[in-house]
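Data first, discussion second: the structure below is written as structure tokens.
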Amino acid sequence: MSKTPSILVCGKNKVCADTLEVLRRELPDHTIVYVFADKDETSARVARDVAHRLGIESRGVRNAEAFARTYFEIDPTLLLSVQFSIILRHDIIEHGGDRLINLHFSPLPRYRGMAPITLAILNGDATFGVSLHIIDAGIDTGALVDQETFAIEGRSNREVYSLCEQAGVRLIERNAAIFGAVTATRGLSGMATVQDDAAATYFSKTDIDYARTEIDFNRTAAQIDRHVRAYLFPPNLYARITVSDRRFRVLQPPEVGARCTDRKPGLVVQSDPLTVTTRDRILIFRQTEEDA
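The opening position of the sequence shown corresponds to residue 164 in our numbering, with each subsequent residue numbered one higher.
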């Protein structure tokens with residue numbers, strides 16, 4: 164008797180919960196198992212709740228070694244990583260081959276690695292995207308299964324993240340039948356496209372520091388607006404301003420005012436609303452909150 168096809172979904176957050184919903188609906192004959200990292204117990208709760216409601220087994224794993232034991236015990240037909248925080252060991256990659264898929268929040272091959280949304284906003288990108296790709300030994304370097312892009316001009320980090328979640332679920336829905344056709348001997352290489360390394364960018368955790376979000380007013384108004392939006396992800400991430408030893412969180416992007424090239428950058432023109440000069444224009448911060 165042939166083995167029942169199975170999908171191992173590993174990850175966290177709402178997009179992972181929605182993925183479980185889609186797969187259970189679209190692939191009713193598949194066994195689905197959900198795995199989360201113990202360190203992500205809080206952010207995995209929404210997916211655990213969905214798994215429980217759908218009758219999907221959930222397991223927590225402590226580290227890469229524990230995950231490897233779980234993977235080889237289940238030996239799934241397909242593994243789907245959706246914001247999973249544990250890096251897969253090499254033996255899993257060798258065994259799973261083109262039956263290991265990752266949902267990455269960036270328009271690969273651009274923004275491989277860490278903090279793609281933050282960096283895209285800081286860089287002034289007009290568009291962004293999400294990608295389904297085969298997992299190989301590199302970081303986000305595997306062949307592309309599918310991708311969706313969308314406009315992000317004027318959006319905050321939180322807003323772009325929400326767009327990524329929505330687009331990611333659409334990718335899962337669009338490719339569910341393809342996932343269902345995977346077998347132990349037939350993966351996704353035949354329908355995937357090798358990434359163009361010449362167009363690739365990569366960023367590591369040293370390229371961004373979420374503990375240092377202070378606004379540098381010796382920049383243009385457009386640069387500062389991007390900085391505010393890049394670090395706007397309530398309730399945990401905000402750009403900050405220091406005025407007379409008082410530190411404020413910026414709760415929304417500033418309004419751009421008149422030109423001020425004849426004034427020194429960083430001059431507080433008005434305190435309510437907080438109005439500050441930059442390299443080229445005045446910025447008006449209408450929603451701020453003093454740090455406790």
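Glycine included, each C-beta is placed from N, C-alpha and C at the ideal position.
Cross-strand partners of residue i (DSSP beta bridge)
i: N265; result: S244 and H296
i: E453; result: F411
i: F396; result: L400
i: V198; result: C173 and R222
i: A314; result: T290
i: T356; result: L307
i: E377; result: R403
Cβ-based neighbour list, residue i, same chain, cut-off 7 Å, excluding 5 preceding and 5 following
i: I311; result: A small correction: the amino acid at residue 311 is Glu; Ile does not occupy that position in the sequence shown. The residues are G292, V293, A330, R333 and L334.
i: I256; result: L263, I298, D299 and A300
i: D359; result: P272
i: A339; result: V185, L186, E189 and L190
i: R225; result: D201
i: A421; result: R444 and I445
Top-ranked residue by Cα proximity to residue i, from the options
i: D388; options: G276, V413 and I371; result: V413
i: S269; options: D309, I255, L446 and A361; result: D309
i: K427; options: T281, I404, I264 and F380; result: F380
i: S407; options: P398, V431 and R422; result: V431
i: V213; options: I195, L186, P168 and A180; result: A180
i: K177; options: I170, V185 and L171; result: V185
i: F313; options: D303, H296, K166 and A283; result: A283
i: G317; options: K175, V419, G218 and V172; result: V419
i: T194; options: T364, L351, N265 and G343; result: G343
i: E236; options: I302, D203, V196 and A374; result: V196
i: T348; options: L183, D261 and L307; result: D261
i: G287; options: I371, Q386, I170 and V345; result: Q386
Buried or exposed by the 16-neighbour rule on C-beta atoms within 10 Å, applied to residue i
i: V357; result: exposed
i: D201; result: exposed
i: K175; result: buried
i: G218; result: exposed
i: A384; result: buried
i: G409; result: The sequence given here has Arg at residue 409, not Gly. Exposed, since its Cβ has fewer than 16 Cβ neighbours within 10 Å.
i: D203; result: buried
i: H215; result: exposed
Residues near residue i in its chain [Cβ-Cβ closer than 6 Å; skip 5 each side]
i: C327; result: F268 and V293
i: K368; result: M277
i: L285; result: R389 and A393
i: N399; result: none
i: F485; result: This structure does not reach residue 485, given that the chain is present from 164 up to 455, and the question cannot be answered.
i: R449; result: P436
i: E220; result: V196
i: T167; result: T194
Contacting residues, own chain, Cβ-Cβ under 8 Å from residue i (five flanking each side not counted)
i: M164; result: Bear in mind that a pLDDT of 32 at M164, under 50, signals an unreliable position, so the model cannot answer this.
i: T323; result: Correcting the residue type first, residue 323 is Val in the shown sequence and not Thr. These residues qualify, in order along the chain: I280, A283, I284, F291 and I315.
Distance cut-off 7 Å: residue i Cβ against heavy atoms of the ligand SAM
i: T194; result: The ligand SAM is not part of the structure shown, which contains no ligands of any sort.
Legend entry - Touch test, the segment 217–229 against the segment 239–248, Cβ-Cβ under 8 Å, three pairs minimum: No: the two stretches stay apart, fewer than three of their Cβ pairs being nearer than 8 Å.
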